[in-house]
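**Q**
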Amino acid sequence: MQAHPDAVRDQAARPTIELDHHGADYRDRWQEISDGNVASCPVAHTAAHGGTWVVSGYEHVVEALRDHAVFSSYQDHTDPGGPMRGTSNPPIPALNVPQELDPPLHTVYRRLLNGPLSPEQSRRREPFIRQVTAACLDRFSAKGQADLVAELTNPVPAIVTLGILGVPLTDWERYAGPIHLLTYSPPGSASWTEAMTAVGEMMAVLGALVVARRAEPTGDLISVLATATGDDGELLPLDHVIATAGLVVAGGVDTTTALVSHALHWLHRNPADRDRLIADPGLLPTAVDEFLRVLAPVQFMSRTATRDTVLGGQRIAAGERVMLAFAAANRDPAAFDCPAEMRLDRTPNRHVAFGSGVHRCVGAHLAKVEAVVMLDEILRRIPDYVIDEQAAERYPSIGAINGYIGMPSTFTPTPAVGAVFPASESV
Ligand code: HEM
Numbered sequence: 001m002q003a004h005p006d007a008v009r010d011q012a013a014r015p016t017i018e019l020d021h022h023g024a025d026y027r028d029r030w031q032e033i034s035d036g037n038v039a040s041c042p043v044a045h046t047a048a049h050g051g052t053w054v055v056s057g058y059e060h061v062v063e064a065l066r067d068h069a070v071f072s073s074y075q076d077h078t079d080p081g082g083p084m085r086g087t088s089n090p091p092i093p094a095l096n097v098p099q100e101l102d103p104p105l106h107t108v109y110r111r112l113l114n115g116p117l118s119p120e121q122s123r124r125r126e127p128f129i130r131q132v133t134a135a136c137l138d139r140f141s142a143k144g145q146a147d148l149v150a151e152l153t154n155p156v157p158a159i160v161t162l163g164i165l166g167v168p169l170t171d172w173e174r175y176a177g178p179i180h181l182l183t184y185s186p187p188g189s190a191s192w193t194e195a196m197t198a199v200g201e202m203m204a205v206l207g208a209l210v211v212a213r214r215a216e217p218t219g220d221l222i223s224v225l226a227t228a229t230g231d232d233g234e235l236l237p238l239d240h241v242i243a244t245a246g247l248v249v250a251g252g253v254d255t256t257t258a259l260v261s262h263a264l265h266w267l268h269r270n271p272a273d274r275d276r277l278i279a280d281p282g283l284l285p286t287a288v289d290e291f292l293r294v295l296a297p298v299q300f301m302s303r304t305a306t307r308d309t310v311l312g313g314q315r316i317a318a319g320e321r322v323m324l325a326f327a328a329a330n331r332d333p334a335a336f337d338c339p340a341e342m343r344l345d346r347t348p349n350r351h352v353a354f355g356s357g358v359h360r361c362v363g364a365h366l367a368k369v370e371a372v373v374m375l376d377e378i379l380r381r382i383p384d385y386v387i388d389e390q391a392a393e394r395y396p397s398i399g400a401i402n403g404y405i406g407m408p409s410t411f412t413p414t415p416a417v418g419a420v421f422p423a424s425e426s427v
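Counting in full-length UniProt numbering, the sequence shown runs from 1 upward without gaps.
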């Protein structure tokens, strides 16, 4: 089949960049690469991973995020070779609800999560989050050393998320382990395959819980999902309900881990900022937004164009993939004054670290409370922590999440405060 002359002309004319977002070069120079793209090609095409547009300008990222009819999140599992390949690049071959549905079906599942993860409910959970954090700190504070990722920033969001879902809290490693491994494994690698198998096993356990709660609801988030009905009054399909619970686990676990790990690293490297937050913990909520903007835990999400369109002056054809670079958009000087500067008191701060539009992170409020509480507890109890930079290990790829595998640290030992792990938390 011969290509249409318009398509040939467009391909020849379009700006191209070489961006492999899973590559080590991007991981090591992502700020510099993002700044270059924002300045010279805010909407450009890369051949990497089968070819995709890369949108880096703030205004263009927001425009695409808000136009879900043209920039679709849908993954069509019945046609894996087709264009509708969801929000990950390369796609994750699993049902991701509600993230990879478009309205109106997206709305059915999204509205079930809005209430339990609302700003009010997230604030209400603060004592639970603080107790989990204090109990984690109690396990190592007297030793004077800890891996702050393995022993704090990974378990706290995992335990909190599982508590909200209604999963036994002692099971947290069974959930957080596979998600952590999947997040940092380059797609197709041996550890990625291992993680996919483990995620499959985790989903089977979660599925059994959904079935049990459908029969006997207990008031937790799994029960809310399991017993919800659609517009037709029928119970929602089991596979979609299980996938929604799975996405809450996936969304709730490694993202907040990445945010707080990077914030700790920033404060280790920037003592004046650390001293400022120790002196004025009331600044933490504003500082967390700035950490989200500058440290960008989730760097990209993709879409598929549903029709020919124009974005930032570039002609994007129906069926083409479009990758939205949140990390780059957050560094666009057209949207932020001196964007490379970390200003802990920056307001307003209209970053897109949580996305925008109908898919904007439903866990954003919870994530912010978690981050504030974790940083507050660390800065009060082990304020002089020092990270072993040689031993700290970043993710090999930040194609999706910019995180740390481990972060060995030392500090002046402080006694445990006698915090116990809470037994449970419900919606
Ligand atoms: C720092 C922490 C977090 C960051 C940076 C983050 C980032 C994001 C982003 C960028 C999206 C939009 C995806 C898109 O447009 O395709 C998203 C969606 C989502 N996030 Fe988060 N997230 C975080 C924490 C959480 C938490 C704590 C939860 C749940 C407990 C969660 C659950 C979800 C879910 C379910 C969606 C899909 C929403 C939808 O499609 O309507 N996230 N997140």
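Backbone N, C-alpha and C define an ideal beta-carbon position, used for all residues, glycine too.
Roughly how many angstroms separate the alpha carbons of R321 and S302, rounded to a whole number?
**A** Locating residue 321 in the sequence shown gives position 321, counting from the first residue. Locating residue 302 in the sequence shown gives position 302, counting from the first residue. Cα to Cα, R321 sits roughly 7 Å from S302.
**Q** Once you ignore the five residues that flank residue 434 on each side, which residues in its own chain have a CB closer than 7 Å to its CB?
**A** Residue 434 lies beyond the stretch modelled for the chain, which goes from 1 to 427, so this question has no answer here.
**Q** Does the beta-carbon distance from G246 to L182 come in below 8 Å?
**A** Along the sequence shown, one-based indexing puts residue 246 at 246. Along the sequence shown, one-based indexing puts residue 182 at 182. Not in contact: G246 and L182 (Cβ atoms no closer than 8 Å).
**Q** Rounded to the nearest angstrom, how far is the Cβ of D239 from that of T286, given a contact under 8 Å?
**A** Against the sequence shown, residue 239 aligns to sequence position 239. Against the sequence shown, residue 286 aligns to sequence position 286. With a Cβ gap of about 41 Å, D239 and T286 do not count as contacting.
**Q** With H, G and I counted as helix, E and B as strand and the rest as coil, what does DSSP make of L379?
**A** As a working note, residue 379 is residue 379 in the sequence shown. When DSSP states are grouped into helix, strand and coil, L379 belongs to the helix group.
**Q** On the three-state DSSP scale, how would you describe M196?
**A** Indexing the sequence shown from 1 puts residue 196 at position 196. Here M196 sits in helix by DSSP.
**Q** Exposed or buried, which one is T197 when buried takes at least 16 other CB atoms within 10 Å?
**A** Position 197 of the sequence shown, counted from the start, is the residue given in the question as residue 197. Its Cβ having fewer than 16 others within 10 Å, T197 is exposed.
**Q** Measure the alpha-carbon distance for L113 versus G163 and round it to whole angstroms.
**A** Within the sequence shown, the letter at position 113 stands for residue 113. Within the sequence shown, the letter at position 163 stands for residue 163. L113 and G163: Cα-Cα distance of roughly 15 Å.
**Q** Could you check what DSSP says for V362 in three-state terms: helix, strand or coil?
**A** Residue 362 sits at position 362 when you count from the first residue of the sequence shown. In this structure, V362 counts as coil in the three-state DSSP scheme.
**Q** Under the three-state reduction of DSSP, which class applies to G406: helix, strand or coil?
**A** If you number the sequence shown from 1, residue 406 lands on position 406. G406: strand per DSSP, three-state reduction.
**Q** What are the complete alpha helix (DSSP H) segments, minimum 4 residues, inside the stretch 123–154?
**A** 126–138
**Q** Looking only at DSSP bridge pairs, what is F71 linked to?
**A** Residue mapping note: residue 71 aligns to position 71 of the sequence shown, counting from 1. Beta-bridge pairing links F71 to A305.
**Q** With H, G and I counted as helix, E and B as strand and the rest as coil, what does DSSP make of I401?
**A** As a first step, residue 401 must be located in the sequence shown, where it is residue number 401. DSSP places I401 in strand when its eight states are reduced to three.
**Q** Identify whether R331 lies in helix, strand or coil by the three-state DSSP scheme.
**A** By 1-based counting over the sequence shown, the position of residue 331 is 331. Residue state, collapsed to three classes: coil.
**Q** Grab the span of the alpha helix (DSSP H) containing H45 for me, first residue to last.
**A** Mapped onto the sequence shown, residue 45 falls at position 45. No alpha helix (DSSP H) contains H45, which is instead part of the beta strand (DSSP E) from V43 to T46.
**Q** Quick check on the DSSP output: the alpha helix (DSSP H) that includes L182 runs from which residue to which?
**A** Stepping through the sequence shown from its first residue, residue 182 is reached at position 182. Run containing L182: W172 to Y184, per the alpha helix (DSSP H) assignment.
**Q** Are there 16 or more other CB atoms within 10 angstroms of the CB of D231, so buried, or fewer, so exposed?
**A** The residue you call residue 231 lines up with position 231 of the sequence shown. Within a 10 Å sphere around the beta-carbon of D231 sit fewer than 16 other beta-carbons, which makes this residue exposed.
**Q** Give me, in chain order, the residues of the same chain whose beta-carbon lies closer than 7 Å to that of P83; leave out the 5 immediate sequence neighbours on both sides.
**A** As a position in the sequence shown, residue 83 is number 83, starting the count at 1. If we look at P83 and ignore the five residues flanking it on each side, its Cβ neighbours are T304 and G319.
**Q** How many Å lie between P292 and T161 at the Cα?
**A** As a first step, residue 292 is located in the sequence shown; it is residue number 292 there, counting from the start. As a first step, residue 161 is located in the sequence shown; it is residue number 161 there, counting from the start. According to the sequence as given, residue 292 is Leu; it is not Pro. When only Cα atoms are considered, L292 and T161 end up about 19 Å apart.
**Q** Report, in whole angstroms, the separation of the C-beta atoms of S261 and M407, which I expect to be a contact under 8 Å.
**A** The residue given as residue 261 occupies position 261 in the sequence shown. The residue given as residue 407 occupies position 407 in the sequence shown. About 6 Å; that satisfies the 8 Å criterion.
**Q** Rounding to the nearest angstrom, what Cα-Cα distance links P91 and D280 in this structure?
**A** Within the sequence shown, numbered from 1, the residue matching residue 91 stands at position 91. Within the sequence shown, numbered from 1, the residue matching residue 280 stands at position 280. Each residue's Cα considered, the two are about 43 Å apart.
**Q** N89: buried (16+ other C-beta within 10 angstroms of its C-beta) or exposed?
**A** One-based indexing of the sequence shown puts residue 89 at position 89. Buried is the label assigned to N89, since at least 16 other Cβ atoms lie within 10 Å of its Cβ.
**Q** Between the Cα of I33 and those of G233, L235 and D332, spot the shortest distance and give me the residue it belongs to.
**A** As a working note, residue 33 is residue 33 in the sequence shown. It is D332.
**Q** Along the beta strand (DSSP E) that carries T87, what are the first and last residues, could you check?
**A** In the sequence shown, residue 87 corresponds to position 87, counting from 1. Neither: T87 is in no beta strand (DSSP E) and is coded neither H nor E.
**Q** Could you tell me if V61 is buried or exposed, where buried requires 16 or more neighbouring beta carbons within 10 angstroms of its beta carbon?
**A** Numbered from its first residue, the sequence shown carries residue 61 at position 61. By the 10 Å Cβ count, V61 comes out buried.
**Q** Taking its Cβ as the centre, do 16 or more other Cβ atoms sit within 10 Å of P415, making it buried, or is it exposed?
**A** To locate residue 415, count along the sequence shown from 1; it is residue 415. Looking at its Cβ environment, which holds fewer than 16 other Cβ atoms inside 10 Å, P415 is exposed.
**Q** Would you tell me roughly how many angstroms separate the C-alpha atoms of M323 and F354, rounded to the nearest one?
**A** Counted from its first residue, the sequence shown places residue 323 at position 323. Counted from its first residue, the sequence shown places residue 354 at position 354. M323 and F354 have their C-alpha atoms roughly 15 Å apart.
**Q** Give me, in chain order, the residues of the same chain whose beta-carbon lies closer than 6 Å to that of L117; leave out the 5 immediate sequence neighbours on both sides.
**A** Start at 1 with the first residue of the sequence shown, and residue 117 comes out as number 117. Same-chain partners within the cutoff: V362, G363 and L366.
**Q** Quick check: does the Cβ of Q99 come within less than 7 Å of any heavy atom belonging to the ligand HEM?
**A** Translated into positions along the sequence shown, residue 99 becomes position 99. The answer is yes for Q99.
**Q** Given this structure, state the Cα-to-Cα distance separating F23 from E234, to the nearest angstrom.
**A** For the purposes of this step, residue 23 is taken as residue 23 along the sequence shown, with counting starting at 1. For the purposes of this step, residue 234 is taken as residue 234 along the sequence shown, with counting starting at 1. Checking the displayed sequence, the identity of residue 23 turns out to be Gly instead of Phe. If I take the Cα positions, the gap works out to 46 Å.
**Q** Is it the case that the stretch 212–230 contacts the stretch 143–151, given that we only count it when at least three CB pairs across the two stretches are under 8 Å?
**A** Result no; under three Cβ-Cβ pairs closer than 8 Å.
**Q** Where H335 and D254 are concerned, what is the direct C-alpha to C-alpha distance, given to the nearest angstrom?
**A** Numbered from its first residue, the sequence shown carries residue 335 at position 335. Numbered from its first residue, the sequence shown carries residue 254 at position 254. Per the sequence presented here, residue 335 reads as Ala, with His not at that position. Their Cα atoms are separated by approximately 28 Å.
**Q** Give a yes or no on whether the C-beta atoms belonging to V369 and R27 are separated by under 8 Å.
**A** As a first step, residue 369 is located in the sequence shown; it is residue number 369 there, counting from the start. As a first step, residue 27 is located in the sequence shown; it is residue number 27 there, counting from the start. In this structure, R27 does not lie closer than 8 Å to V369 by Cβ.
**Q** Given that a residue counts as buried once 16 or more other Cβ atoms are within 10 Å of its Cβ, and exposed if not, what is Q99?
**A** By 1-based counting over the sequence shown, the position of residue 99 is 99. Buried, because 16 or more other Cβ atoms sit within 10 Å of the Cβ of Q99.
**Q** Quick one: what does DSSP say T244 is sitting in, helix, strand or coil?
**A** For the purposes of this step, residue 244 is taken as the residue at position 244 of the sequence shown. It is helical.
**Q** With H, G and I counted as helix, E and B as strand and the rest as coil, what does DSSP make of A226?
**A** Sequence index remark: in the sequence shown, residue 226 carries index 226 (1-based). In the structure shown, A226 sits in a helix (DSSP, three-state: H, G or I).
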